[in-house]
Structure formats: C-alpha cells, structure tokens
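The next block holds one structure in the form of structure tokens; read it before the comments.
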C-alpha cells in the first residue's frame, strides 16, 4: 500500500518530496536511548516522510550515524545536510563558523563518512549572512564565489547531488543562482516574514523554500507563533494545536515551501506530520495573514 505523502509534494533537487519532512537536530536529545531514536526515524518513514534534514555538527556526527543506521536505500528518503559550521563543545556556543573552502570540503567528507554515503543528495552552504545565529568574523568572512567554487567542484566529483544555501541574503541568492541552487533555508515563520522577497524569488526560480525556526521563538528575543491570538483562535476552532496551525500556514502560504520541523518525540512527530492535512477557510487564513511580522535577526556571535 502506498503511503500518502504528508501535505502533498513539492520539488527538491529534481525530485518530488513530501512537503512535511523532518529536521533531525533534536535527535541528539536521545543520545542515551539509541533504540528510541532509531524507532522515531523508522516511524517518520512509515508516516510518509521522505525528506530529512541533518548536519555533521548535530552531535558531532551522532545524528548522522543514526540516519546511516535507520534509513535504508529503498526508503526513498532524500537526505539533506549542511556545511558552514563545526562543533565547538568547549566554546561559548556549541558551534563555531567553518566557512573557508577547505573547511567546507572537510565537512562534506565528515558528512559522507558519518552518513555512510558515497553521495549526499543535497548539501546546504550555511552562509551566516542573515537571520538569527552565528556571524562570521575575520578569516571566516569568505567570498560567496570562493565557496560556490568548492561546492560546485564537489558536485562535479559526485560527492554532492545538489547545492542549497542557508542564512543567505537576497543579493547572495541572486549571485548564486547561476551555479544551480536547489533550496534555501532561512529563518522564516508567520511572525518573522522579513524574507518575503527572497521567498518570492525562490518561487520564481523553482528553488525550494525550507524555513528553519518555522514557529519562531528559538531564542528569547524572537516572537513565538504559538502565542499569537489569531493562531490560538484558529487552533481552538479547528481542533488543532497552535503549532499545527503555524506549520499549516506555511504550507498554505506558498506552494514551494517544504517543512522540516524537528522533535525527539514520536507523538510530536505524528502531530507535525498531521499538520499537512490542516485546511483553512478564507476568513481564518485572512486572520493569520494579518498577524504582524517582526524581525528574526538575532546575532549570537
């Protein structure tokens, strides 16, 4: 029996994938219960999830190792990883920038080894130019063209199937498009919509829009989608959770949106996938569209 794909499908690197995928970062919380982590990944596949986002720096290879063990070739899952940072367990933050071309290449090799793959379907270059999170300083401020040169070289070598970008500006995406960009990952949600022009450019160019922090609130300074009155009202009216309303709004907002909500709970995973079935009437959607947008740009270093 064919499993229905949650939220329908949209294009990613030339393939139709479920619009509700899974972000694997929170699997690190299950470091002490590997069986539970593997069971969660198998449940995601059972639910029709075929797009999983990861990174070597999620648990210093731990999360990638779980994916390599749990995801089988015949599952048809598109694995998307990212480069541009590296673990820094002893630092002020658990990550530090790793933007230089030789660091990008080393990170791709780390991802290949930890995932047990010869080729990663999509690798996102996290630029650190925009949105909440790390900022590049000193020799970590690298020209985009130099980074794209090594990314395209690795694509030509067969190590990468397609190239994505993350935390990128509108000008950065315009510069990168000739290299062939499959997706963009920027912070974006109902309450943080500064990147609307970037989202529209992606739509026009056939580039998938994959928002991280899709419910806002990742840092204390950021607004939370689930606290908005219109979101709470819609959830009560439809018998859904505020989180499901926030995720569903993203799917309704543009057809090229792909979601990668993360969790370490099977119940929460099932709730996220079910958001793909939420529908809105015109009045509810208008009320959600009217929620004001606030800045999401919260530098951390």
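Residue numbers (UniProt numbering): 1 to 301. Idealized CB from N, CA, C, for every residue including glycine.
Tell me which residues share the same chain as residue 248 and place their Cβ nearer than 6 Å to its Cβ, disregarding the 5 neighbours each side in the sequence. What you label residue 248 is simply residue 248 of the chain shown in a count that begins at 1. So the list reads 275, 278, once near-sequence residues are dropped.
So who's on the other strand from residue 20, going by DSSP bridges? Locating residue 20 in the chain shown gives position 20, where the first residue counts as 1. Partner(s): 259.
Should residue 295 go down as buried or exposed, given a rule of 16 or more other Cβ atoms within 10 Å for buried? Here the question's residue 295 lines up with position 295 in the chain shown. Flag for residue 295 reads exposed.
Look up residue 124 in the DSSP assignment and give the residues it is bridged to. To locate residue 124, count along the chain shown from 1; it is residue 124. Answer by DSSP bridge pairing, in chain order: 82, 164.
Contacts around residue 30, its chain only, beta-carbon distance under 6 Å, and the 5 residues preceding and following it disregarded: In the chain shown, the residue the question calls residue 30 occupies position 30. Hits under 6 Å: 36, 37, 264.
Contact belief for residue 184 with residue 165 at Cβ below 8 Å, rounded distance in angstroms: Residue 184 sits at position 184 when you count from the first residue of the chain shown. Residue 165 sits at position 165 when you count from the first residue of the chain shown. Indeed, because the Cβ distance is near 5 Å, the residues count as touching under 8 Å.
Do residue 165 and the ligand FAD come close, with the Cβ less than 7 Å from some heavy atom? With respect to the ligand FAD, the structure shown offers nothing to examine, as it has no ligands at all.
Cα-Cα, which of 119, 158, 222, 198 is closest to residue 302? Look at the range of the chain in this structure, 1 to 301, and you will see that residue 302 is not part of it.
Burial state of residue 10 (16 or more Cβ within 10 Å): Taking the first residue of the chain shown as position 1, residue 10 is located at position 10. With 16 or more other Cβ atoms within 10 Å, it is buried.
Distance, residue 78 Cα to residue 119 Cα: Looking up residue 119 in the chain shown gives position 119. Looking up residue 78 in the chain shown gives position 78. Going by the C-alpha atoms only, they are around 11 Å apart.
Do three or more CB pairs link the stretch 150-159 to the stretch 132-140 at distances below 8 Å? The stretch 150-159 is not in contact with the stretch 132-140.
Pick out whichever of 101, 22, 84 has its Cα sitting closest to the Cα of residue 67. Counted from its first residue, the chain shown places residue 67 at position 67. Closest option to residue 67, Cα to Cα, is 22.
Where does residue 171 sit, in a helix, a strand or coil, going by DSSP? Position 171 of the chain shown, counted from the first residue, corresponds to residue 171. Correct three-state label for residue 171: helix.
Burial state of residue 146, where buried means 16 or more other Cβ atoms lie within 10 Å: As a working mapping, residue 146 is identified with position 146 in the chain shown. Result: exposed.
When the Cβ atoms of the stretch 207-218 are set against those of the stretch 255-263, are three or more pairs found closer than 8 Å? These segments touch.
Who does residue 71 pair with in a DSSP beta bridge? The residue given as residue 71 occupies position 71 in the chain shown. According to DSSP, which records beta bridges pairwise, residue 71 is partnered with nothing at all.
Contact defined as beta carbons within less than 8 Å: I believe residue 231 pairs with residue 246. What is the distance between those atoms, to the nearest angstrom? Working through the chain shown from its first residue, we reach residue 231 at position 231. Working through the chain shown from its first residue, we reach residue 246 at position 246. Rounded to whole angstroms, the Cβ separation of residue 231 and residue 246 is 6 Å, and the two are in contact under 8 Å.
Can you look up residue 290 in the DSSP assignment and give me helix, strand or coil? As a position in the chain shown, residue 290 is number 290, starting the count at 1. DSSP places residue 290 in coil when its eight states are reduced to three.
Mind checking whether residue 168 and residue 122 have CB atoms under 8 Å apart? Here residue 168 refers to the residue found at position 168 of the chain shown. Here residue 122 refers to the residue found at position 122 of the chain shown. The beta carbons of residue 168 and residue 122 sit no closer together than 8 Å.
Cβ of residue 125 within 8 Å of Cβ of residue 175? For the purposes of this step, residue 125 is taken as the residue at position 125 of the chain shown. For the purposes of this step, residue 175 is taken as the residue at position 175 of the chain shown. Contact annotation: residue 125 and residue 175 have beta-carbon atoms that are not nearer than 8 Å.
Taking the C-alpha atoms as reference points, what is the distance between residue 301 and residue 40? Here residue 301 is taken as the residue at index 301 of the chain shown, counted from 1. Here residue 40 is taken as the residue at index 40 of the chain shown, counted from 1. Its pLDDT being 46, under 50, residue 301 is placed unreliably in this model, and the value from its coordinates should be taken loosely. The C-alpha of residue 301 lies about 33 Å from the C-alpha of residue 40.
Euclidean distance between Cα positions of residue 228 and residue 193: In the chain shown, residue 228 corresponds to position 228, counting from 1. In the chain shown, residue 193 corresponds to position 193, counting from 1. One C-alpha to the other measures close to 15 Å.
I'd like to check one pair, residue 128 with residue 84: are the Cβ atoms closer than 8 Å? Indexing the chain shown from 1 puts residue 84 at position 84. Indexing the chain shown from 1 puts residue 128 at position 128. Yes, these two residues count as a Cβ contact at 8 Å.
For residue 245, list the residues DSSP reports as bridge partners. On the chain shown, residue 245 is found 245 positions in, with the first residue counted as 1. In the DSSP output, where bridge partners are listed per residue, residue 245 has none listed.
Member of 43, 52, 136 whose CA lies at the smallest distance from the CA of residue 86: Taking the first residue of the chain shown as position 1, residue 86 is located at position 86. For the set 43, 52, 136, the Cα lying nearest the Cα of residue 86 is the one of 136.
Residue 63 and residue 100 look like a contact to me (Cβ under 8 Å); what is the Cβ gap, rounded to whole Å? Numbered from its first residue, the chain shown carries residue 63 at position 63. Numbered from its first residue, the chain shown carries residue 100 at position 100. With 8 Å as the limit, residue 63 and residue 100 do not qualify as a contact, their Cβ atoms being about 24 Å apart.
On the three-state DSSP scale, how would you describe residue 12? By one-based count along the chain shown, residue 12 stands at place 12. DSSP, reduced to helix, strand and coil, places residue 12 within a strand of the structure shown.
State the Cα-Cα distance for the pair residue 1 and residue 48, rounded to the nearest angstrom. Translated into the one-based positions of the chain shown, residue 1 becomes position 1. Translated into the one-based positions of the chain shown, residue 48 becomes position 48. At residue 1 the pLDDT is 38, less than 50, meaning the model places this residue with poor confidence; the figure from the coordinates comes in the next sentence. The C-alpha of residue 1 lies about 12 Å from the C-alpha of residue 48.
Buried/exposed call for residue 109, threshold 16 Cβ in 10 Å: Here the question's residue 109 lines up with position 109 in the chain shown. Classification for residue 109: exposed.
Please name the residue, chosen from 25, 19, 105, that lies closest to residue 250 on a Cα-to-Cα basis. The residue labelled residue 250 in the question sits at position 250 within the chain shown. Looking at the Cα atoms, 19 is the closest of the given residues.
Is any beta-carbon of chain C found at less than 8 Å from that of residue 214? This model lacks chain C altogether, as it is built from one protein chain only.
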